[in-house]
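Residue numbers (UniProt numbering), protein chains in the order written: chain S, 1 to 131; chain V, 1 to 93. Heads up, the beta-carbon is just placed ideally off N, CA and C, and yes, glycines get one too.
Put into structure tokens, the structure is as follows:
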């Protein structure tokens, strides 16, 4: 194992907190990806990686913030940018992807997905599509 | 003591994230349909972003933070473009 020389003067409580958040974040990301690799259908699989984008990212961002704040003896919070960005973008991408998959399944007449409800079709038939 | 704990946890986190990336790559090669592959690519982007952040903690440099920010943005744009392509069959209309 290589050595982390630049963190020699990190106090023990900070090392414990950083280690806790780091292992929790990486472990949750791993659990989410295992679920992504093992779940049977696409609509179940799309839920699993969000474990990595919510608490996986949150834990590692928190660990990095504590680590650099204690080492630099001043507040270092620029990692929160990544947390905010991932929190904002993940629902958008997964929503778009799930709708695309649903559209593909319906276009193929896949019996496993429910048919489009007439009410929503009427509501979306308005110029709301905008494209 | 604290140094040992930190070194071990950073190593464990890197191993976990590497296994997660391998599983996502496996799903990308196996994945029965195109949306599975796109989702696997998105997972791969997020995992590599986290791995770069852990790498930045190991080396103590800030440049890895910027790299992981760029990877996160590219992953968002790539996944949105691919989802749009799956929906419409073209990216720019």
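- Message: Any contact between the region 83–94 of chain S and the region 47–54 of chain S? By contact I mean 3 or more CB pairs, one from each, below 8 Å.
- Response: Three or more beta-carbon pairs separated by less than 8 Å link the region 83–94 of chain S to the region 47–54 of chain S, which places the two stretches in contact.
- Closer than 7 Å by C-beta to residue 31(V): which residues in its own chain qualify, once you throw out the five before and the five after it? Chain order, please. These residues qualify, in order along the chain: 37, 40.
- Item | Rounded C-alpha distance that separates residue 64(S) from residue 78(V) | Approximately 26 Å between the Cα atoms of the pair.
- Run the CB neighbour count on residue 109(S), radius 10 Å, all protein chains shown included, and call it buried at 16 or more, exposed below. Looking at its Cβ environment, which holds fewer than 16 other Cβ atoms inside 10 Å, residue 109(S) is exposed.
- Residues that residue 122(V) contacts on chain S, provided the C-beta gap is smaller than 7 Å: What is shown of chain V runs 1 to 93, which leaves residue 122(V) out entirely.
- Query: Is the Cβ of residue 47(S) closer than 7 Å to any Cβ of chain V?
  - Reply: Among the CB atoms of chain V, none fall inside 7 Å of the CB of residue 47(S).
- Item | Candidates 88(V), 89(V), 82(V), 90(V), of which the one nearest residue 93(S) by Cα | In this structure, 82(V) is the residue among 88(V), 89(V), 82(V), 90(V) with its C-alpha nearest to the C-alpha of residue 93(S).
- Query: Rounded to a whole number of angstroms, what is the C-alpha to C-alpha distance between residue 41(S) and residue 48(S)?
  - Reply: Distance between the alpha carbons of residue 41(S) and residue 48(S) is about 11 Å.
- Query: The alpha helix (DSSP H) with residue 28(V) in it runs from where to where?
  - Reply: Taken as a continuous stretch (DSSP letters only), the alpha helix (DSSP H) holding residue 28(V) covers 2–30.
- Item | Within-7 Å CB hit, residue 23(S) to chain V | Taking Cβ atoms only, chain V reaches closer than 7 Å to residue 23(S), which makes this a yes.
- Closer than 7 Å to chain S by CB, residue 60(V): For residue 60(V), the answer is yes, since a Cβ of chain S falls inside 7 Å of its Cβ.
- Message: Distance check for residue 72(S) and residue 98(S), CA to CA, integer angstroms please.
- Response: In this model, residue 98(S) and residue 72(S) are separated by some 43 Å (Cα to Cα).
- Collapsed DSSP secondary structure at residue 47(V) in the structure displayed: Helix.
- Query: In terms of residue numbering, what span does the alpha helix (DSSP H) encompassing residue 105(S) cover?
  - Reply: Element bounds for residue 105(S): 80–108.
- Item | CA nearest to the CA of residue 31(S), picked from 61(S), 50(S), 69(S) | Selected option, being the one with the closest Cα: 50(S).
- Let me know if residue 7(S) comes out buried or exposed under the rule of 16 or more other beta-carbons within 10 Å of its beta-carbon. It counts as buried.
- Item | Contacts of residue 16(S) in chain V (Cβ-Cβ under 7 Å) | Correct list: 5.
- Item | Contacting residues, own chain, Cβ-Cβ under 6 Å from residue 56(V) (five flanking each side not counted) | Excluding positions up to five away in sequence, the list reads 64, 65.
- In the DSSP assignment, find the alpha helix (DSSP H) that holds residue 58(S) and state where it starts and stops. For residue 58(S), the enclosing alpha helix (DSSP H) stretches over residues 57–72.
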